[in-house]
Amino acid sequence: MPLDILALAAHRDDVEQTCAGTLLKMAERGYRTGILDLTKGEMGTRGTSEDRAREAAEAARILKVSWREALDIPDGRVENTWDNRLKVARVLREQRPRVLILPYWEGRHPDHYTASILGYEAAFLSGLSKLPIADAPHRPFKIIYASLYRDVRPTFVVDITDQFETRFASLMAYKSQFSDQEAGSTIFPAQKEIRARVESMARFYGMMGGVTYAEPFVQKEVALVDDVLGLPVKSI
Ligand SMILES: [Zn+2]
Numbered sequence: 129m130p131l132d133i134l135a136l137a138a139h140r141d142d143v144e145q146t147c148a149g150t151l152l153k154m155a156e157r158g159y160r161t162g163i164l165d166l167t168k169g170e171m172g173t174r175g176t177s178e179d180r181a182r183e184a185a186e187a188a189r190i191l192k193v194s195w196r197e198a199l200d201i202p203d204g205r206v207e208n209t210w211d212n213r214l215k216v217a218r219v220l221r222e223q224r225p226r227v228l229i230l231p232y233w234e235g236r237h238p239d240h241y242t243a244s245i246l247g248y249e250a251a252f253l254s255g256l257s258k259l260p261i262a263d264a265p266h267r268p269f270k271i272i273y274a275s276l277y278r279d280v281r282p283t284f285v286v287d288i289t290d291q292f293e294t295r296f297a298s299l300m301a302y303k304s305q306f307s308d309q310e311a312g313s314t315i316f317p318a319q320k321e322i323r324a325r326v327e328s329m330a331r332f333y334g335m336m337g338g339v340t341y342a343e344p345f346v347q348k349e350v351a352l353v354d355d356v357l358g359l360p361v362k363s364i
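The structure is reproduced here in structure tokens:
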């Protein structure tokens, strides 16, 4: 069975931080959702890649995700190479998502913005019939960009008011990363601070949409409207 929505990200826990509420909401509506992490987290200051694999599986369970896998691209060295594009294209052909969520294409962390370009180019390649990999060609119908890591104005936000607490629980499943501990205490905020930050961001985007909590996205295409009387979000 094909996935309806696949979220691709550089690191385990990126999806939980940027678009997990949306994935959960779609799963609750009966859609099949999936997460592709490009790396396994072996360079992280805290925890091993085995810890993170266990935690990622637990987060996927909390988010009611149907499919999750991590590729073996080296952590901290996500590069837009032919080999890596083929690895992602293989997944796209196997899982055949209609909607692909990519990270926003600019950012502080090179792995994040490279994952965005890599994901886009792999989605293009995946549609070419002569590509030397198995399965029938497939391109996602829609690509949207999860923009929470970047201070840009979203083109739309998804109301995750009912999903917020579960989404936060999925992030806290990464105990090796987010529980209070000595390792990395100068670079990682304390758990209480994480809650405050995650909540402020969700409230900020929620306010833009006239709801309590939301997640921001950018799409490159214009929005097509059928009935202007049904347009949401109050203007004045
Ligand atoms: Zn990341």
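Here my numbering is used: position 44 in the sequence shown is 172, and no number is missing along the way.
Glycine included, each C-beta is placed from N, C-alpha and C at the ideal position.
As the structure is a prediction and not an experimental result, all values here were calculated from the model.
CA-to-CA distance, residue j to residue i, given in whole angstroms
| i | j | result |
| --- | --- | --- |
| Val353 | Arg174 | 46 Å |
| Leu214 | Glu207 | 12 Å |
| Asp179 | Ala185 | 10 Å |
| Leu259 | Leu253 | 7 Å |
| Pro265 | Asp308 | 46 Å |
| Ala187 | Phe296 | 10 Å |
| Asp200 | Glu310 | 28 Å |
| Val361 | Val339 | 9 Å |
| Met171 | Ala138 | 13 Å |
| Ser304 | Arg189 | 17 Å |
| Thr209 | Ser363 | 45 Å |
| Val350 | Ala324 | 34 Å |
| Glu183 | Arg140 | 9 Å |
| Ser313 | Gly358 | 48 Å |
| Ser328 | Thr294 | 16 Å |
| Ser244 | Cys147 | 14 Å |
| Phe292 | Tyr341 | 7 Å |
| Ile288 | Lys153 | 7 Å |
| Leu191 | Ile261 | 31 Å |
Same chain only: Cβ atoms within 8 Å of residue i, ignoring 5 sequence neighbours per side
| i | result |
| --- | --- |
| Gln145 | Leu276, Tyr277, Leu299, Val326 |
| Phe306 | Leu299, Met300, Phe316, Gln319, Ile322 |
| Pro282 | Ser275, Tyr333, Met336, Pro344, Phe345, Val346 |
| Asp263 | Arg218, Arg221, Glu222 |
| Pro238 | Val206 |
| Arg236 | Tyr277 |
| Arg331 | Thr340, Tyr341 |
Host alpha helix (DSSP H) of residue i (start-end)
| i | result |
| --- | --- |
| Leu143 | Before going further, note that residue 143 is Val rather than Leu in the sequence given. From DSSP, the alpha helix (DSSP H) with Val143 extends over 142-146. |
| Ala217 | 210-223 |
| Leu253 | 238-253 |
| Asp179 | 177-190 |
| Val326 | 319-337 |
| Phe284 | It is not in any alpha helix (DSSP H) - Phe284 instead sits in the beta strand (DSSP E) that spans 284-287. |
| Arg295 | 292-300 |
| Gln305 | 303-306 |
Endpoints, the beta strand (DSSP E) within which residue i is located
| i | result |
| --- | --- |
| Arg196 | 195-198 |
| Pro344 | 342-346 |
| Lys270 | 270-274 |
| Thr161 | 161-165 |
| Leu228 | 227-231 |
C-beta contact flag for residue i and residue j at 9 Å
| i | j | result |
| --- | --- | --- |
| Gly169 | Val193 | no |
| Pro268 | Pro231 | no |
| Ala274 | Pro344 | yes |
| Asp203 | Ser177 | yes |
| Leu134 | Leu166 | no |
| Val286 | Gly158 | no |
| Val216 | Leu136 | yes |
| Ala181 | Ala155 | no |
Own chain, CB closer than 7 Å to residue i, minus 5 neighbours either side, in chain order
| i | result |
| --- | --- |
| Val280 | Tyr232, Val346 |
| Trp195 | Leu131, Gly162, Gln223 |
| Ile271 | Leu228, Leu230, Tyr248, Ala251 |
| Gly255 | Pro265, His266, Arg267 |
| Glu234 | Tyr241, Arg278 |
| Met129 | Arg160 |
| Val356 | none |
Which residues DSSP lists as bridging residue i, in chain order
| i | result |
| --- | --- |
| Ile364 | In DSSP, Ile364 forms no bridge with anything. |
| Ala137 | Asp165 |
Any chain C beta carbon closer than 9 Å to residue i
| i | result |
| --- | --- |
| Tyr333 | Note that chain C does not occur in the displayed structure, where there is just one protein chain. |
Cβ shell of residue i (< 6 Å), same chain only, five flanking positions each side left out
| i | result |
| --- | --- |
| Phe284 | Phe345 |
| Tyr302 | Asp141, Glu183 |
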